[in-house]
Amino acid sequence: MPPQERTPSLGPDDRDVVAAAREALHPLLDELRPELLARSGNVELELKDDGTPVTSVDLEVNDRLLARLSEVFPEHTVVSEELVTGHEDSRWTWIVDPIDGTSNFISGLPYWCISMALTLDGHPVLGLVEAPPVAARYEAVAGEGATGNGEPLSVMPPVDWSDRRNRHVPLLLTTATARRARPAVRLNPRVMGSAALDLCQVAAGNAAASLSFAPKVWDVAAGVLLILEAGGEYLTLDGPPLLPLRADTEYAGRSAPAAAGPNADYLRALVDTLVTDPIAVPRAR
Numbered sequence: 132m133p134p135q136e137r138t139p140s141l142g143p144d145d146r147d148v149v150a151a152a153r154e155a156l157h158p159l160l161d162e163l164r165p166e167l168l169a170r171s172g173n174v175e176l177e178l179k180d181d182g183t184p185v186t187s188v189d190l191e192v193n194d195r196l197l198a199r200l201s202e203v204f205p206e207h208t209v210v211s212e213e214l215v216t217g218h219e220d221s222r223w224t225w226i227v228d229p230i231d232g233t234s235n236f237i238s239g240l241p242y243w244c245i246s247m248a249l250t251l252d253g254h255p256v257l258g259l260v261e262a263p264p265v266a267a268r269y270e271a272v273a274g275e276g277a278t279g280n281g282e283p284l285s286v287m288p289p290v291d292w293s294d295r296r297n298r299h300v301p302l303l304l305t306t307a308t309a310r311r312a313r314p315a316v317r318l319n320p321r322v323m324g325s326a327a328l329d330l331c332q333v334a335a336g337n338a339a340a341s342l343s344f345a346p347k348v349w350d351v352a353a354g355v356l357l358i359l360e361a362g363g364e365y366l367t368l369d370g371p372p373l374l375p376l377r378a379d380t381e382y383a384g385r386s387a388p389a390a391a392g393p394n395a396d397y398l399r400a401l402v403d404t405l406v407t408d409p410i411a412v413p414r415a416r
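Residue numbers (my numbering): 132 to 416.
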């Protein structure tokens with residue numbers, strides 16, 4: 132269970148690219164926010180070949196984001212949940228999920244977001260999550276910390292689950308995780324429906340940890356940087372990590388189970404408890 136590799140320090144020229152990216156994307160996200168709020172709950176469901184839901188809005192948002200990126204950064208490559216899922220060898224690559232939490236978006240449930248990450252040599256250096264239903268914009272820049280609506284974010288300290296006073300603290304699970312981690316019902320599990328936004332909540336200190344057994348790289352790329360810059364850890368539970376990106380890799384079929392929270396030891400204890408030991412309860416470390 133290796134912790135996520137940290138992003139190397141950015142040089143002045145690299146920071147200029149990150150600043151230009153934020154300047155280019157903020158106005159577009161401002162435009163999209165009211166449009167998406169108006170369309171959530173008023174859109175038809177379609178199914179992709181793998182059986183996951185998609186809507187015309189996913190594709191429209193994807194097109195608008197990629198058009199802006201192509202206009203400002205024509206030399207950058209893109210890995211997107213919609214349309215482009217392979218990674219070519221490039222110094223600068225964007226990882227885009229136009230709507231994370233599509234099922235919620237279709238149903239009108241207010242827990243979905245746009246998730247974008249900019250990577251340098253495969254490592255996330257900018258994480259940007261726009262969450263219109265909760266009126267929040269989460270951002271992280273490598274080496275500069277993480278913010279929510281401009282306010283600094285910090286993960287919650289380790290929670291001692293054996294203390295009954297802590298049983299109200301949320302533990303965020305994806306649907307696939309909840310099916311396998313049944314002992315989590317002894318804690319305070321929440322299945323919210325957006326892995327990207329779950330990571331934002333952990334980074335903001337609103338939840339103790341998040342567990343996801345089958346995330347794709349576009350689900351977590353921005354959130355990983357948010358977690359690290361908020362003082363937490365992101366732990367790959369099995370197999371090779373999704374990040375850093377690797378050249379000539381097809382990401383549509385790749386996932387890697389992971390946990391995010393305050394530190395690696397605590398996350399390992401939590402995973403051992405929920406997945407292999409239904410009796411023990413992890414204590415703070």
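All residues carry an ideal CB built from backbone N, CA and C; glycine is no exception.
The model shown is predicted, which means the values in this text are computed figures rather than measured ones.
Whose C-alpha, out of the options, is nearest the C-alpha of residue i?
{"i": "Leu196", "options": "Trp292, Ala152, Ala378", "result": "Ala152"}
{"i": "Ser300", "options": "Leu328, Leu284, Gly336, Tyr269", "result": "In the sequence under discussion, the amino acid at residue 300 is Val, which differs from the Ser named in the question. Closest by alpha carbon: Gly336."}
{"i": "Asp379", "options": "Asp147, Glu177, Thr208, Glu136", "result": "Thr208"}
{"i": "Leu284", "options": "Pro241, Gly363, Ser211, Trp223", "result": "Gly363"}
{"i": "Leu176", "options": "Arg399, Glu162, Ser187, Arg268", "result": "Ser187"}
{"i": "Gly393", "options": "Asn319, Met287, Glu381", "result": "Rather than Gly, the amino acid found at residue 393 in this sequence is Pro. Among Asn319, Met287, Glu381, the Cα nearest to that of Pro393 belongs to Met287."}
{"i": "Gly384", "options": "Pro320, Ser211, Met247, Ala400", "result": "Ser211"}
{"i": "Asp308", "options": "Ala198, Thr138, Val406, Pro139", "result": "For clarity, residue 308 is Thr in the given sequence; the question names Asp instead. Looking at the Cα atoms, Val406 is the closest of the given residues."}
{"i": "Arg137", "options": "Leu398, Ser325, Val272", "result": "Val272"}
{"i": "Pro134", "options": "Leu368, Leu160, Tyr382", "result": "Leu368"}
{"i": "Thr278", "options": "Arg199, Ala353, Trp349, Asn297", "result": "Ala353"}
{"i": "Arg298", "options": "Arg310, Asn280, Gly281, Asn319", "result": "Asn319"}
{"i": "Val402", "options": "Tyr382, Pro184, Ser341, Leu257", "result": "Ser341"}
{"i": "Asp329", "options": "Glu381, Tyr269, Pro139", "result": "Tyr269"}
{"i": "Lys347", "options": "Arg310, Arg311, Thr305, Gln332", "result": "Thr305"}
Can you tell me which residues form a DSSP beta bridge with residue i?
{"i": "Tyr269", "result": "Val260, Gly279"}
{"i": "Tyr242", "result": "In the DSSP output, where bridge partners are listed per residue, Tyr242 has none listed."}
{"i": "Arg321", "result": "Leu303"}
{"i": "His254", "result": "Leu251"}
{"i": "Val227", "result": "Ser211, Met247"}
{"i": "Pro134", "result": "Leu366"}
For residue i and residue j, which I take to be in contact (beta-carbon distance under 8 Å), what is that distance rounded to the nearest angstrom?
{"i": "Val290", "j": "Ala339", "result": "4 Å"}
{"i": "Ala387", "j": "Pro371", "result": "7 Å"}
{"i": "Leu356", "j": "Pro255", "result": "4 Å"}
{"i": "Ile245", "j": "Val174", "result": "That belief does not hold up - the Cβ atoms of Ile245 and Val174 are roughly 15 Å apart, past 8 Å."}
{"i": "Trp243", "j": "Gly232", "result": "3 Å"}
Does the Cβ-Cβ distance between residue i and residue j come in under 8 Å?
{"i": "Leu334", "j": "Val351", "result": "Going by the sequence as given, residue 334 is Ala instead of Leu. It is not a contact, given that the beta carbons lie outside the stated cut-off."}
{"i": "Gly239", "j": "Ser343", "result": "no"}
{"i": "Leu251", "j": "Trp225", "result": "no"}
{"i": "Leu156", "j": "Leu259", "result": "yes"}
{"i": "Asp181", "j": "Glu213", "result": "no"}
{"i": "Ala424", "j": "Leu366", "result": "For the chain, the structure presents residues 132 to 416; residue 424 sits outside this window and is missing."}
{"i": "Arg317", "j": "Leu303", "result": "no"}
{"i": "Ala293", "j": "Asn235", "result": "The sequence shown places Ser at residue 293, not Ala. Contact flag unset, no."}
{"i": "Pro241", "j": "Arg164", "result": "no"}
{"i": "Asp274", "j": "Pro375", "result": "In the sequence on display, residue 274 carries Gly and not Asp. Against a cut-off of 8 Å, the Cβ pair of Pro375 and Gly274 comes out as no contact."}
{"i": "Leu160", "j": "Glu261", "result": "yes"}
task = Identify every run of the alpha helix (DSSP H) within the region 144 to 185, keeping only runs that are complete inside it and at least 4 residues long; order them along the chain.
result = none
key: Those runs of the alpha helix (DSSP H) which lie wholly inside the region 331 to 392 and span at least 4 residues   = Considered as a whole, the region 331 to 392 harbours 348 to 360 as its complete alpha helix (DSSP H) runs of no fewer than 4 residues, in chain order.
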